[in-house]
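Student: Residue numbers (our numbering), protein chains in the order written: chain A, 1 to 394; chain B, 1001 to 1394; chain C, 2001 to 2394; chain D, 3001 to 3394. We put the CB at the ideal spot given by N, CA and C, even for glycine. Below you will find the structure I want to go over with you.
4 protein chains.
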Amino acid sequence: MAFRKIINDPVYGFITIDDELINAVISHPYFQRLRRISQMAMANLVYPGAVHSRLHHALGAYHLMSNALSELKNKGTEITAAEEQAARIAILLHDTGHGPFSHALEHVLVESRHHEELSIMIIEELNRQFDGKLSLAIEIFTGRYHKKFLFQLISGQLDVDRLDYLTRDSFFSGVNEGVIGYDRIIKMLTVHNGELMVEEKSIYSIEKFLVARRLMYWQVYLHKTVLCAEQMLKQIIKRAKYIKAATQQPLHNFITQPIQTVTLEEFCNLDDYDVLAAIKGWCDHEDKILSFLCKGIINRQLLKVQYFGTPVDEAVVQQKIAEACNQLNISPAQAAWLVFADEVESSTYNPDNEHIHILFKDGTVKDISEVDNALINQNLMGKVKKYYICYLRT
Amino acid sequence: MAFRKIINDPVYGFITIDDELINAVISHPYFQRLRRISQMAMANLVYPGAVHSRLHHALGAYHLMSNALSELKNKGTEITAAEEQAARIAILLHDTGHGPFSHALEHVLVESRHHEELSIMIIEELNRQFDGKLSLAIEIFTGRYHKKFLFQLISGQLDVDRLDYLTRDSFFSGVNEGVIGYDRIIKMLTVHNGELMVEEKSIYSIEKFLVARRLMYWQVYLHKTVLCAEQMLKQIIKRAKYIKAATQQPLHNFITQPIQTVTLEEFCNLDDYDVLAAIKGWCDHEDKILSFLCKGIINRQLLKVQYFGTPVDEAVVQQKIAEACNQLNISPAQAAWLVFADEVESSTYNPDNEHIHILFKDGTVKDISEVDNALINQNLMGKVKKYYICYLRT
Amino acid sequence: MAFRKIINDPVYGFITIDDELINAVISHPYFQRLRRISQMAMANLVYPGAVHSRLHHALGAYHLMSNALSELKNKGTEITAAEEQAARIAILLHDTGHGPFSHALEHVLVESRHHEELSIMIIEELNRQFDGKLSLAIEIFTGRYHKKFLFQLISGQLDVDRLDYLTRDSFFSGVNEGVIGYDRIIKMLTVHNGELMVEEKSIYSIEKFLVARRLMYWQVYLHKTVLCAEQMLKQIIKRAKYIKAATQQPLHNFITQPIQTVTLEEFCNLDDYDVLAAIKGWCDHEDKILSFLCKGIINRQLLKVQYFGTPVDEAVVQQKIAEACNQLNISPAQAAWLVFADEVESSTYNPDNEHIHILFKDGTVKDISEVDNALINQNLMGKVKKYYICYLRT
Amino acid sequence: MAFRKIINDPVYGFITIDDELINAVISHPYFQRLRRISQMAMANLVYPGAVHSRLHHALGAYHLMSNALSELKNKGTEITAAEEQAARIAILLHDTGHGPFSHALEHVLVESRHHEELSIMIIEELNRQFDGKLSLAIEIFTGRYHKKFLFQLISGQLDVDRLDYLTRDSFFSGVNEGVIGYDRIIKMLTVHNGELMVEEKSIYSIEKFLVARRLMYWQVYLHKTVLCAEQMLKQIIKRAKYIKAATQQPLHNFITQPIQTVTLEEFCNLDDYDVLAAIKGWCDHEDKILSFLCKGIINRQLLKVQYFGTPVDEAVVQQKIAEACNQLNISPAQAAWLVFADEVESSTYNPDNEHIHILFKDGTVKDISEVDNALINQNLMGKVKKYYICYLRT
């Protein structure tokens, strides 16, 4: 009997693994490490159910990839068994380059590299270990393969990555309004002139998808308390690096050494547990700033945070800094670690660099922003910026 | 022990009836009749699960009314026990004026009256039977009561009628994308200056609600096949009246007599079963047009239907009529019963006559269309019109 | 592109029709008629959501059949394309022999025939219309085909009929406790020595399935109010036949003529709408018994019903009959139509004539009632009988 | 306006906190620490979604407690505001005594104490910090309060602890078959003679609950792979203690010192992150046994495990030990850390020390095992034992 494993998933029911190479990839420590990387960083401080792992997301995206490829084949798109296997492996591994707390600490722990670059490095290392069997997966993942739609399924406006993370994140956080019709969108996928598109009758589903994404950004990912906690997490790592705070390996090297001297092996050994154990250890650190921030995260005693439609006045920041100096008996330079203002932005749809193509029954192709009575128009097409300040509670 | 009944509902879990007067209203034949009025008319020809009754919707809206009133009271809005009972009765009875197949045959069977007028007549009759105990419910239902928010909960942009029917219709049709966060919206309701509003942090939920409604209109209620079947249903009743086709009572009088001679009692005796049994009977009617349309509905052999962004050219209609004449060997006048073009429209939000007011933390009130980065802007604010033609399959 | 239609189903998401013959079968009036046969007869008087049609159940069972065949093929069971098509058609049509209100009126309207016999007659008629293309489906449906597991998927202890109706009925009635793990059971199906079995690790799922079935029987299908309403329905038809009450065709012939004179064509024209329209018409019938029962069903003013563990004492019945005589001023013979006692029974599992075979990893096969620590033991293996009496409310 | 916070929960929708003392308890670091204790220990190695925290479970049980108290009050049971607050606090804190990985490491890290004893010590410490405001909660929690049903809601056969963990664990693991009808059971709760009971019509729901629990035990909590991983986790801690392996504080003291010298403060500082960070550190430990087990857990390379209906033959164990000696070049004494056999047991219902009382309409009370046609009979009433062996893969 052929190889076959099923995994229970509260989101999709069952995920089937029916390929030995794919099973070997899943069993590799580099993939298993994703169990220890939380998908939504600090969001669980607001949404206690949002504790699912990046491994779970990777399996979910893999499941949707399997479904999408099956749909496309049913519709007549030619996809070979090798391409199918490679596309499924590519999506499984697309997030292996994420470090602890995913986006929240990206560019803070490993300053110079985007997580996708690291993913490529890791997949290449795996390719060596698997005797070149992942070469086609790498070609697809890096967009070099001639069948462009395979790449677009991994990284595009309607890729299975997004379809899974929106579905999964809304499921686990309990924000039902973020639910998208992933199954309908997948049934509507089609390939036209080598490009991934959606059929005409999916227009409302796509609109709904974009609006759900907008909602998830502002209500969950950039929820002010989540934002604040993730900024505090960043400040902790920055402060620890600044004062070269000691901790256990493998985190120690990331904190105390120039990033170039850290190896891929060390990176692949690093996860949320190292960072959180370090934060627990630093709660009693002699550096007041570091211990203040660490206790804040551990005991969920967060800074106060406010959002505004316009940039925060520098005078307000200075006043809050002055108050912090008084309150904690620290210098303005120290207080500036605890009082800070910045901006965040999110775009619902940007037709300049993003594209969702609708294939009409008559063969014409239009961008979703150009269909009749489009919901997606000027207002939704620019980026929305919001400004915030974090400061001490009094 | 106090009166208490629970009803299983797949949508909300359990619906509780804890008041004897309310139980008596529910037990009355005028309410029980709603079991035999389908909520979504012909939608089940496309969405086979969409067979729930108007009684089920009324119970659901009653449940949400109970929840909404409970939330408002928790937030400090004064609502007396009598007002609570009356508001719950008013929403229970808000749709009793619907005739067979609800909206699909409104103004066709009973030409001159809107279903809400009929609901009022029925509630007044019930009030007589219940010795005046429904007087306050009538005041609220007709908008005459001084606490305006109670009326707005029954009939307004965010009334519990809409919250239930969108939730329930998407549930039963299986169109998950129509799901709205009814529970979150209810938790965000508030009363300010006597008017129903929603709290600031519900903005994204409200946007999602409006987009889901837009989707439900075009994907379900006005789905081209559903539209076509409902137009055929209308044509059947119109044709039957035109030729005074005989059928059983109580429908017979509605078909053959001037509407003024039909009594409220007769109306309250009429439901989907009369209409569908008549249609079954007319399948063999000697009138070719009537029997053609009736067989079409019974056997789900529908006319062909197409949607357009602009009005259908009269020449196209004439050509399709000519084809129908040939095909069925009928006159152009007869064919015009089977080939017809018209328009439908739906608005997502119209700030001229609709209002969703957002109450900000600082006490200011804004229309949802005027908040920063509003999704609901010009494009969504007008009505969207679509044009269609129905004609014979060849 | 190959033929392909998708249908939204609130239970399974999407049901795919990808075969033109299957689509033609679904489009046939004999199948479309199932839209007008409610799956759960009078259960909606207690569970208002339980209004789904037998057509919806047939589509659901078809979907599970498709999944089950796909699983078995993945596990190496040889199933040809023709067999697959035939098995899917057989399950689609397995319930076409059901008349109005399904089981509730079985043997009352058409006295001498079981619905499965009628199904076979209908499929044979369809086979003539479809030029013999359903011959293999008939062989499978009647158990004559040599691959016995195909028959067992249609009619057996773990057939897709049961898996769908338990899942669907609990879904629509809102009785979550009736939910079974249909997807897990299907993933555990296997064929061994030509027979359908389940893998060892499904034991707990199977136990759960049997207990859920037991719960659905007593809590829903045989809920005392449902039972009472269905008995009233039966009494109505019996009484109407007894007094040869007039009504519209096609029901008229079933009521007034010996059953042998009624044709298959007439049967296929009969549905819930005929029966309920007749009942509405009989509400004013001069026969007191008939009108009393009909008004009871239409206005949901049901007889009182009680369940007992032992047979109801005849003296109690006689007393209730005497009371009814007084109350309605009728004769004892008439009253006996409104006061009656009987028994119902249901078995959870009966290893004498039912079998669920567990295939162990070592190749041994055991009946579910014989595994270690079995839940399914003596107590569950006999039939459970309950006794009831229906009588007039005072 | 009164204090009011709502928390999104994927299981129940929203959880409402409407009491300042309760909010203060939730905000306390001793409660927040439960965020870092996973509810299901190693179950996520099989069920990747099962990563929810004990804090989430505590909030869920609190929600069900609120619902249960509200139902009982509606049915006329007298419950004062102070009792309600105390019962809700008691259930919130009932699991604060759990250490890292909950049950999996109970009695291994803190050898002499059951987690409920530790919970009491912690609540007493909190009571000191909250100036005695938790005294009534302590009385209820310890069963000393005269209204016994309040204690039974926290710790009994149908307590809200169980109702939540079965519901939540099946939800997050995706084992839908473990779903129980918690809402129906809560609606059926009643108090009779001061004791918690359930109404007669819940019998089938209770049976379903017990069968679902049985299924969850054997399919999830005692799934052979989960069992194996949790045994490996225990071996790790035991081995670390045996060789006094160094690690960071606060775990270091638990590993290296006699348990009496460890303080409550230290215990409250300990969580999953300390243990898993230690395990990561020990992957390169010079002790072969410790590093082997640690790498197994981190990379999910687990021992092989088998279940049997009878005790494992000592000769088999010895043979597996011999093989391990060869394979890893270790002594038999060392190998015995990696090869071990033991038993586990679980009871579905034990009427000797557990009771679910059914209150019949006529006022009689019966144990669930004594009702007519009971599912819960001899076979389910004893404990089920299974025997297992863990050993090295070859």
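Quick one: residues in its chain with C-beta nearer than 6 Å to the C-beta of A1086 (chain B), no 5 flanking neighbours on either side, listed in chain order?
Tutor: Counting from one through the second sequence, the residue named residue 1086 (chain B) turns up at place 86. Cβ within range, chain order: L1136, A1137 and I1140.
Student: Rounded to the nearest angstrom, how far is the Cβ of P100 (chain A) from that of V275 (chain A), given a contact under 8 Å?
Tutor: Walking along the first sequence from the start, residue 100 (chain A) turns up at place 100. Walking along the first sequence from the start, residue 275 (chain A) turns up at place 275. About 4 Å; that satisfies the 8 Å criterion.
Student: Helix, strand or coil for G281 (chain A) per DSSP?
Tutor: Here residue 281 (chain A) is taken as the residue at index 281 of the first sequence, counted from 1. G281 (chain A) falls in the helix class under three-state DSSP.
Student: Considering only the alpha carbon of each residue, which of D:V3108, D:K3320, D:T3310 and D:Q3039 lies closest to D3164 (chain D)?
Tutor: Here residue 3164 (chain D) refers to the residue found at position 164 of the fourth sequence. Selected option, being the one with the closest Cα: D:Q3039.
Student: Measure from the alpha carbon of L2290 (chain C) to the alpha carbon of each residue in C:Q2235, C:Q2301 and C:R2213, then state which is nearest.
Tutor: On the third sequence, position 290 is the one that residue 2290 (chain C) refers to. For L2290 (chain C), the nearest C-alpha among the options comes from C:Q2235.
Student: Pull up the CB-CB distance for I1206 (chain B) and I1356 (chain B), whole angstroms please, since I reckon it's below 8 Å.
Tutor: Taking the first residue of the second sequence as position 1, residue 1206 (chain B) is located at position 206. Taking the first residue of the second sequence as position 1, residue 1356 (chain B) is located at position 356. Between I1356 (chain B) and I1206 (chain B) the Cβ distance is about 6 Å, and since that is below 8 Å, they are a contact.
Student: Taking beta-carbon pairs under 9 Å, can you tell me which members of the stretch 3185-3212 of chain D lie near chain A?
Tutor: Result list empty, no residue passes.
Student: Quick check on F1172 (chain B) - is its C-beta less than 9 Å from some C-beta in chain C?
Tutor: The residue given as residue 1172 (chain B) occupies position 172 in the second sequence. F1172 (chain B) counts as touching chain C.
Student: By DSSP, does C2268 (chain C) sit in helix, in strand, or in coil?
Tutor: Walking along the third sequence from the start, residue 2268 (chain C) turns up at place 268. If DSSP states are grouped into helix, strand and coil, C2268 (chain C) belongs with coil.
Student: Any heavy atom of the ligand ATP inside 8 Å of the beta-carbon of I6 (chain A)?
Tutor: The ligand ATP is not part of the structure shown, which contains no ligands of any sort.
Student: If you measure from the beta carbon of K2075 (chain C) to each beta carbon in chain A, is any gap under 9 Å?
Tutor: Working through the third sequence from its first residue, we reach residue 2075 (chain C) at position 75. Yes, its Cβ sits closer than 9 Å to a Cβ of chain A.
Student: For F360 (chain A), would you say it is in contact with chain C, using Cβ-to-Cβ distances shorter than 9 Å as the test?
Tutor: The residue labelled residue 360 (chain A) in the question sits at position 360 within the first sequence. It does not: the Cβ of F360 (chain A) has no partner Cβ on chain C nearer than 9 Å.
Student: Suppose contacts are defined by Cβ-Cβ distances below 9 Å. Is A2061 (chain C) in contact with V2160 (chain C) by that definition?
Tutor: On the third sequence, position 61 is the one that residue 2061 (chain C) refers to. On the third sequence, position 160 is the one that residue 2160 (chain C) refers to. Cβ atoms of A2061 (chain C) and V2160 (chain C): closer than 9 Å.
Student: Distance cutoff 9 Å, beta carbons only. Does R3214 (chain D) sit that close to anything in chain C?
Tutor: As a first step, residue 3214 (chain D) is located in the fourth sequence; it is residue number 214 there, counting from the start. True, the Cβ-Cβ gap to chain C drops below 9 Å.
Student: So within the stretch 1186-1227 of chain B, which uninterrupted alpha helix (DSSP H) runs reach at least 4 residues, ignoring any that extend past its ends?
Tutor: The stretch 1186-1227 of chain B contains these whole alpha helix (DSSP H) runs: 1203-1216.
Student: Which residue marks the beginning of the alpha helix (DSSP H) containing V2317 (chain C), and which one marks its end?
Tutor: The residue labelled residue 2317 (chain C) in the question sits at position 317 within the third sequence. Its alpha helix (DSSP H) spans residues E2314 to L2328.
Student: In the stretch 243-269 of chain A, which residues sit with their C-beta less than 7 Å from some C-beta in chain D, listed in chain order?
Tutor: Hits within the stretch, in order: Q248.
Student: With a threshold of 8 Å on Cβ separation, who are the neighbours of E2125 (chain C) within its own chain once the five nearest residues in sequence on each side are excluded?
Tutor: For the purposes of this step, residue 2125 (chain C) is taken as the residue at position 125 of the third sequence. So the list reads Y2030 and L2264, once near-sequence residues are dropped.
Student: Give the range of the beta strand (DSSP E) segment to which D1009 (chain B) is assigned.
Tutor: Here residue 1009 (chain B) is taken as the residue at index 9 of the second sequence, counted from 1. Here the beta strand (DSSP E) through D1009 (chain B) covers K1005 to D1009.
Student: According to DSSP, is K1383 (chain B) part of a helix, a strand, or is it coil?
Tutor: Numbered from its first residue, the second sequence carries residue 1383 (chain B) at position 383. It is a strand residue.
Student: Determine, using beta carbons only, whether D2313 (chain C) comes closer than 9 Å to chain D.
Tutor: For the purposes of this step, residue 2313 (chain C) is taken as residue 313 along the third sequence, with counting starting at 1. Chain D, which has no Cβ nearer than 9 Å to the Cβ of D2313 (chain C), makes this no.
Student: Specify whether the stretch 1199-1218 of chain B and the stretch 1177-1188 of chain B touch according to this definition: at least 3 beta carbon pairs, one from each stretch, less than 8 Å apart.
Tutor: Because the criterion of three Cβ pairs below 8 Å is met, the stretch 1199-1218 of chain B and the stretch 1177-1188 of chain B touch.
Student: Does chain D have any CB closer than 9 Å to the CB of D287 (chain A)?
Tutor: Along the first sequence, one-based indexing puts residue 287 (chain A) at 287. It does not; no Cβ of chain D falls within 9 Å.
Student: Verify the CB distance criterion: does Q2157 (chain C) have a CB-CB separation below 9 Å to chain D?
Tutor: As a working mapping, residue 2157 (chain C) is identified with position 157 in the third sequence. So, not an interface residue.
Student: Taking one C-beta from the stretch 1269-1288 of chain B and one from the stretch 1316-1323 of chain B each time, how about it: are there three or more such pairs within less than 8 Å?
Tutor: No contact exists between the stretch 1269-1288 of chain B and the stretch 1316-1323 of chain B.
Student: Residues bridged to H357 (chain A) by DSSP?
Tutor: Residue mapping note: residue 357 (chain A) aligns to position 357 of the first sequence, counting from 1. Looking at the DSSP assignment, H357 (chain A) forms a beta bridge with A:D367.
Student: Just the C-alpha distance for H2115 (chain C) and I2123 (chain C), rounded to the nearest angstrom, thanks.
Tutor: On the third sequence, residue 2115 (chain C) is found 115 positions in, with the first residue counted as 1. On the third sequence, residue 2123 (chain C) is found 123 positions in, with the first residue counted as 1. When rounded, the distance between both Cα atoms is 12 Å.
Student: Output the distance between the C-alpha atoms of E286 (chain A) and C3268 (chain D), rounded to the nearest integer angstrom.
Tutor: Numbered from 1 along the first sequence, position 286 holds the residue referred to as residue 286 (chain A). Numbered from 1 along the fourth sequence, position 268 holds the residue referred to as residue 3268 (chain D). Computed Cα separation, rounded: 21 Å.
Student: L2338 (chain C) to A1104 (chain B), Cα distance in whole Å?
Tutor: Locating residue 2338 (chain C) in the third sequence gives position 338, counting from the first residue. Locating residue 1104 (chain B) in the second sequence gives position 104, counting from the first residue. Approximately 39 Å between the Cα atoms of the pair.
Student: For chain G, find out if any of its Cβ atoms is closer than 9 Å to the Cβ of I1006 (chain B); answer yes or no.
Tutor: In the displayed structure, chain G is absent; the protein chains listed are A, B, C and D.
Student: Could you pull the start and end residues of the alpha helix (DSSP H) that V1160 (chain B) belongs to?
Tutor: Here residue 1160 (chain B) is taken as the residue at index 160 of the second sequence, counted from 1. Per DSSP, V1160 (chain B) belongs to the alpha helix (DSSP H) from V1160 to S1173.
Student: Could you check if A1240 (chain B) is buried or exposed, using at least 16 other CB atoms within 10 Å of its CB as the buried criterion?
Tutor: Looking up residue 1240 (chain B) in the second sequence gives position 240. Counting Cβ neighbours within 10 Å, A1240 (chain B) comes out buried, since at least 16 surround it.
Student: Is S2347 (chain C) helix, strand or coil by DSSP?
Tutor: Sequence index remark: in the third sequence, residue 2347 (chain C) carries index 347 (1-based). Strand, per DSSP.
Student: Can you tell me whether G3181 (chain D) is buried or exposed? The criterion is at least 16 other CB atoms within 10 Å of its CB, across all chains shown.
Tutor: Numbered from 1 along the fourth sequence, position 181 holds the residue referred to as residue 3181 (chain D). G3181 (chain D) comes out buried.
Student: If I follow the unbroken alpha helix (DSSP H) through F3031 (chain D), where does it start and stop?
Tutor: In the fourth sequence, residue 3031 (chain D) corresponds to position 31, counting from 1. It spans P3029 to Q3032 - the alpha helix (DSSP H) in which F3031 (chain D) sits, taken as one unbroken run.
Student: Just the Cα atoms here: how many angstroms apart are F1172 (chain B) and P48 (chain A)?
Tutor: Your numbering for residue 1172 (chain B) matches position 172 in the second sequence. Your numbering for residue 48 (chain A) matches position 48 in the first sequence. Rounded to whole angstroms, F1172 (chain B) to P48 (chain A) spans 30 Å at the Cα level.
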